[in-house]
Amino acid sequence: MALEVIRAFSREHVRWLESLEEYALRKVKDARVRRRKEDPAARKLHDAVIRALCDADCWMLCDCLPDGLEQPVIVPGRGRRSMRLGNLPDASVPHAGNCVFRLQHLQGASRFFFNPLSHERDVEASAERDLEHKPWSGPGRSVPVVAYMLKCFIREARLHTLAGVERFPSPEDWLAELRRAAVAFPVAPGVPASEVLCTAPASWHSGEFRERLDERARHWPKDPPPCGYLCWVAHDVEGHDINGRTGGAGHVRVTSPVVSREIHTNRVEGPYLFLGALAQSADMHGWECRMAYAEPIAAPELPIPVDSDYERQALLSLARLVEDLRRGKELQEALGGVVRVELERPLFPIRVRDGRCHPDVLLTVSHPDGSFDGSDKVRYVIEVMGMGNAEYEKKKEETHRLMKRIGRVIRLEGRQFGSAHNGLERQRDRIARQISKDLLWRWT
Ligand SMILES: [Zn+2]
């Protein structure tokens, strides 16, 4: 048995801890429990492992209970002074009596809830900067937390992959999927985010959803505070308003300015998918949207997040690239079947040797006789290039060096998307040929 690394909240298997990593974690914990002197080498590895787990949003399952039983969850954390491990607050499964990880519950339970109103990450980060500072004191102060939560919902619903979004004929369908995904994220003990998430503007405007929130708030656990979420397509975002100019799309007035993605102070154009955080108003007689984040998406029918208008054009067009690769006669005949193609827009940076990078698009092609162990997969990184100045190129060169560890890097030249000789369609067709050739070379 060994410690298993799992994804936070959804508890998906990620990997098993290496024995040396596990040794370091146990050694440091043991020294702490027995109040003995720490081994500096073990401490160094211990901190590196926990830092990586934090960065990747991962937890661990202990292995102290007999096989076949549900195992307790160990949570990595960044303390003020050092990296540490603790246990989920109010965890349902306790460790075995002799387990070295059984002691210490992490303080600040709010960090383990998807509750934007009390997120320890922010509290802790701002506390380090300024002890007097409360996360709520500035307009839009905690918005990055909402952005992070929206991305987690999107990832859990797999809306960032083409294979995922292709299943949905309309925004109502993929919003329903997002609601189902929100079950994995508790906003308070025993309250999944799905219970306080509204994806239907009509229900918000009629007051029906507010009543439901009121009802839920009456039986709310002690901590963290009652909260709610609004989430649907935003066609326009301006100041404090969402859909202020698009009648019938679900207008929301936010008490702080809506935050969205900007490139050199220019807001990326809509459509967006927004997530608004609801809190009880000061007089406790209503609910108000305290902060909101609007994530630009490719289209209402294709809710894959995009960072720029070039990326939006590229993603809308790459759906066709996936089709072309699947249907390609030459590939089918040579490989004796249809390849599986998955297009994914990574939502968080990917850790590779020597650093971290954030590719625009990952394209994974699997051999028709898939062995499912990964050896039959080829991965490509598609980068949508924007500006053309030397500084930008130099910075990109550096990140592309890291991306090559993930797969072959293919560039799309955004500034030429509209040109006659090298327009987007031509570039896409060229990529399709390039990838087919590469696959034939690898697999035949
Ligand atoms: Zn244990």
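Terminal number for the sequence shown in this note's numbering: 447, no gaps in between. For glycine and all other residues, C-beta sits at the position ideal for the given N, C-alpha and C.
1) At what residues does the beta strand (DSSP E) containing Met86 begin and finish?
2) Take the Cβ of Thr164 as the centre, count every other Cβ of all protein chains shown within 10 Å, and call the residue buried at 16 or more, exposed below.
3) DSSP has Leu365 in a bridge; who is on the other side?
4) Please report the distance separating the alpha-carbon of Ala322 from that of Lys40.
5) Can the beta-carbon of Arg158 be found less than 8 Å from the beta-carbon of Leu350?
6) Pro224 and Leu120 look like a contact to me (Cβ under 8 Å); what is the Cβ gap, rounded to whole Å?
7) According to DSSP, Phe277 sits in a beta bridge with which residue or residues?
8) If you follow the beta strand (DSSP E) that Val17 is part of, which residue opens it and which one closes it?
9) Confirm the yes/no value for this check: CB of Cys67, any heavy atom of ligand 1, distance under 7 Å.
10) May I ask which residues mark the beginning and end of the beta strand (DSSP E) holding Arg264?
11) What would DSSP say about Gly111, mapped onto helix, strand or coil?
12) Return the chain-ordered list of same chain residues with a C-beta closer than 7 Å to the C-beta of Leu324, the five sequence neighbours on each side being excluded.
13) Figure out for me which residue from Leu23, Leu318 and Ala150 has the closest Cα to the Cα of Leu427.
14) Do Val384 and Leu365 come within 8 Å of each other at the CB atom, strictly closer than that value?
15) Beta carbon of Ala27, beta carbon of Leu56: below 8 Å?
16) Assign Glu357 to one of two classes, buried (16 or more other C-beta atoms within 10 Å of its C-beta) or exposed (fewer than that).
17) Once DSSP output is grouped into helix, strand and coil, what is the label at Ile409?
18) Kindly examine ligand 1 and report whether one of its heavy atoms sits closer than 7 Å to the Cβ of Arg14.
19) Is Glu73 helix, strand or coil by DSSP?
20) On the premise that Val271 lies in contact with Ser311, defined as a C-beta separation below 8 Å, what is that separation, rounded to the nearest angstrom?
21) Can you tell me whether Lys32 is buried or exposed, with buried defined as 16 or more other CB within 10 angstroms of its CB?
22) Can you tell me whether Phe104 sits near ligand 3, meaning its C-beta is under 7 Å from at least one heavy atom of the ligand?
23) Report the partner residues of Leu415 according to the DSSP bridge assignment.
24) What residues in its chain sit with their C-beta under 7 Å from that of Val17, if we drop five residues either side in the sequence?
25) Going by DSSP, which residues form a beta bridge with Leu443?
26) Check each candidate in Arg54, Val309 and Gly231 and name the one with the smallest Cα separation from Glu291.
So, from the listed chains and residues:
1) Met86 to Asn90
2) By the 10 Å Cβ count, Thr164 comes out buried.
3) Glu347 and Val384
4) 57 Å
5) A contact, by the Cβ cut-off of 8 Å.
6) Their Cβ separation, rounded to whole angstroms, is 13 Å, which puts Pro224 and Leu120 out of contact at 8 Å.
7) As a beta-bridge residue in DSSP terms, Phe277 pairs with Trp235 and Ala297.
8) His16 to Trp19
9) yes
10) Careful: Arg264 lies outside any beta strand (DSSP E) and carries neither H nor E.
11) With a pLDDT of 49 at Gly111, under the threshold of 50, the modelled position of this residue cannot be trusted; read the value that follows with caution. Per DSSP, reduced to three states, the secondary structure at Gly111 is coil, with no helix or strand assignment.
12) Arg431, Ile434 and Ala435
13) Leu318
14) yes
15) For Ala27 and Leu56, no; Cβs fall outside 8 Å.
16) Looking at the sequence itself, residue 357 is Asp, so the reference to Glu does not match. Counting other Cβ atoms within 10 Å of its Cβ, Asp357 stays below 16 and is therefore classed as exposed.
17) coil
18) no
19) coil
20) Going by Cβ atoms, the distance from Ser311 to Val271 rounds to 6 Å, so yes, they are a contact pair.
21) buried
22) Summarising the ligand content, the structure contains ligand 1 and does not contain ligand 3.
23) Val387
24) Val8, Ile9, Arg10 and Cys61
25) None, per the DSSP bridge assignment.
26) Gly231
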